[in-house]
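Participant:
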Amino acid sequence: MRIFQSRDDTLVEIGEDKKNGKYFGLEKVIQNLVEKNLNSIFAGLEFVETEFQIDDLRPDTIAFDTEKKSFVIIEYKNVENQSLIDQGASYYQLLQDRKENFVLLYNKKKNQTFDVSDINWDETRVIFIPHNPKTP
């Protein structure tokens with residue numbers, strides 16, 4: 004796993020994690036750092052929105068893959084829990100069911116004019132960022 008250090012709200016890669024240590028404190032801290040440095044961590048992704056709510060669901064971060072023209076949901080969790088996978092599946096299904104909402108959000112935030120048919124929905128994905136990941 005790649006490890007980054009925070010320096011003035013910028014992430015600088017410092018190496019690989021060889022142990023099961025805690026590198027960050029709170030879920031919100033991780034979320035803010037990732038959102039501010041999204042393209043440094045995940046090349047090709049651009050930040051769209053924090054906690055975009057549709058109905059009773061609120062994914063942590065909405066991003067857009069500019070190379071694949073697809074949406075990416077990023078979830079930050081500080082606990083290991085089987086329901087994490089279920090939550091990710093719910094967010095994935097939300098994106099598939101409410102495509103228009105996500106395209107409208109992107110167009111508004113990025114001053115674009117994409118249509119639903121312009122998006123590569125087959126490349127939609129959910130990324131989980133755990134607080135204290137276990138290494139194999």
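Numbering of the sequence shown is given in the numbering used here, commencing with residue 4 and proceeding in unit increments. For every residue, glycine included, the Cβ atom is placed at its ideal position computed from N, Cα and C.
(1) Leaving out five residues on either side along the sequence, give the residues of the same chain with a beta carbon under 8 Å from the beta carbon of I57.
(2) Give the range of the beta strand (DSSP E) segment to which S120 is assigned.
(3) Hey, which unbroken runs of the beta strand (DSSP E) at 3 residues or more fall wholly within the stretch 22 to 76?
(4) Pull up the CB-CB distance for E126 and K71, whole angstroms please, since I reckon it's below 8 Å.
(5) Could you give the C-beta distance for I77 and V37, rounded to a whole number, given that I count them as a contact under 8 Å?
(6) What span of residues does the alpha helix (DSSP H) with Q90 cover, start to end?
(7) By alpha-carbon positions, which one of I122, L108, S9, S86 ends up nearest to I65?
(8) What residues match up with T13 in a beta bridge as DSSP calls it?
Facilitator: Taking the coordinates as given:
(1) L97, R101, N104
(2) Where S120 is concerned, there is no enclosing beta strand (DSSP E), given that its DSSP letter is neither H nor E.
(3) For the stretch 22 to 76, whole beta strand (DSSP E) runs of length 3 or above, ordered along the chain, are 48 to 53, 64 to 68.
(4) 4 Å
(5) 7 Å between Cβ atoms; contact.
(6) 86 to 100
(7) L108
(8) R10
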